[in-house]
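Numbering (this note's numbering), first residue to last: 17 to 460.
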Ligand SMILES: [Zn+2]
């Protein structure tokens, strides 16, 4: 048997392959950055220079956060429970204009990566400004990331002239292509209501030319849909379709206010959708028709959106919410079974963010992005159904070890790539300045 770099033994391996195969007494071997062996039989184990004994615990693919804005971790909890326009215009936009720069994007991204890695999230699909800094920080943290440079019709951090937005995004993409290591570049138009038709088309064209993922928020609020109907006479999804934006390399965030025709349209185009239930609930945006989208064949990923609107980047919470939210919305406990929700956060999520065949599944040839859960956690016993335990019983505090591209980035619940104490000090210093700027008294 060939040699491996790392062997994970004595595991319940939840592969998340298309058959949802589970190996009750399985082993996973990694060689370099990839999974070299997944086997049910200890007799077939390769020699390895390092061994992790999973102690009978679950080993699963690293979770995929299909939608976030990592630097916005700086604004977690700065203002909550406000109407959306007040939250954006009185707090978030002014704070971003004053504080977002290379150093703060780096700090905020590292904070998000620290939170996600400790929670078993190994891939983040990101969208913000100064994306080069976010990409560098994610790579430094050892996190896999699809990093989208933001495009919007007004001046933004690093892009003072909005007419340069698409060119800047194309430049960013060129710097990170061909895809190297953990980072895949992307272009992220904020939305059809903050980007002109010409800009949406130019940004999509630039993404297509480079063969990279195009992302946009779509139909997040009822007001957005009504405004689009009033201005263009068609729904937001139909509008993007008319502009030629919808295809397999497009990822649409939210898609709450869509009708059956929109669902058929998106399904026919091959575009993917990311569902963000925590943020949608907190902002009272609505409930996306996820079971209908999945039934129509749409690839639906799962995301958190930003720490300012969620306020966690925790896919265990999002999986739990997703499974329950749609059951109660349909008054049917058979809606969105645990396996389906788990697939959204792993295999399908990887596919939706452009990493199909690369991550999201435990099988030979895939990148070794995986999570070892704590077998000693009372809430994970007994194990009748590992899928059920992961969606309904597990929490991010059960994450014990995390690997990304074969590298141990979390060992025994401690980050190996980030000096967390120093980072938290830096974050708290930035937050003190933000509070002063916003006129928030200290000590509250
Ligand atoms: Zn968002």
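Note that the Cβ used here is the ideal one computed from N, Cα and C, for glycine as well.
Assumed close pair residue i, residue j - CB separation to whole angstroms, cut-off 8 Å
i	j	result
residue 407	residue 354	4 Å
residue 185	residue 219	6 Å
residue 92	residue 375	Wrong, their Cβ atoms sit about 26 Å apart, outside the cutoff.
residue 163	residue 147	5 Å
residue 232	residue 208	7 Å
residue 62	residue 20	4 Å
residue 266	residue 83	Not really, about 13 Å apart at Cβ, beyond 8 Å.
residue 522	residue 293	Nothing can be reported for residue 522: it is not among the residues displayed for the chain, which extend from 17 to 460.
residue 142	residue 86	5 Å
residue 54	residue 402	Their Cβ separation, rounded to whole angstroms, is 15 Å, which puts residue 54 and residue 402 out of contact at 8 Å.
residue 45	residue 52	5 Å
residue 192	residue 254	Not quite, the Cβ-Cβ distance comes to about 33 Å (not below 8 Å), so this is no contact.
residue 67	residue 39	With 8 Å as the limit, residue 67 and residue 39 do not qualify as a contact, their Cβ atoms being about 17 Å apart.
residue 274	residue 305	7 Å
residue 389	residue 74	4 Å
residue 133	residue 89	No, residue 133 and residue 89 are not in contact; Cβ-Cβ is about 13 Å, not under 8 Å.
Three-state class that DSSP yields for residue i in the structure shown
i	result
residue 81	strand
residue 429	coil
residue 102	helix
residue 460	Reliability fails at residue 460, whose pLDDT of 46 lies under 50, so the model's placement of it is uncertain and no value is given.
residue 238	helix
residue 62	coil
residue 424	strand
residue 170	coil
residue 232	strand
residue 206	coil
residue 71	coil
residue 306	helix
residue 417	strand
residue 514	There is simply no residue 514 to check, as the chain begins at 17 and stops at 460 in what is shown.
residue 175	strand
residue 117	coil
residue 357	helix
residue 107	helix
residue 344	helix
residue 369	coil
residue 449	helix
Any non-hydrogen atom of ligand 1 within 7 Å of residue i CB
i	result
residue 101	no
residue 321	yes
residue 291	no
residue 83	yes
residue 269	yes
residue 233	yes
Beta-bridge partners of residue i, as assigned by DSSP
i	result
residue 142	84 and 163
residue 215	Per DSSP, none; premise fails for residue 215.
residue 290	269 and 317
residue 295	DSSP output for residue 295 lists no bridge partner at all.
residue 45	23 and 53
residue 30	38
residue 352	Note: residue 352 sits in no beta bridge, so no partner.
residue 76	387
residue 180	Paired residues: none, contrary to the question.
residue 137	79
Test: residue i CB closer than 8 Å to a CB of chain C
i	result
residue 237	Protein chains in the displayed structure number just one, and chain C is not present.
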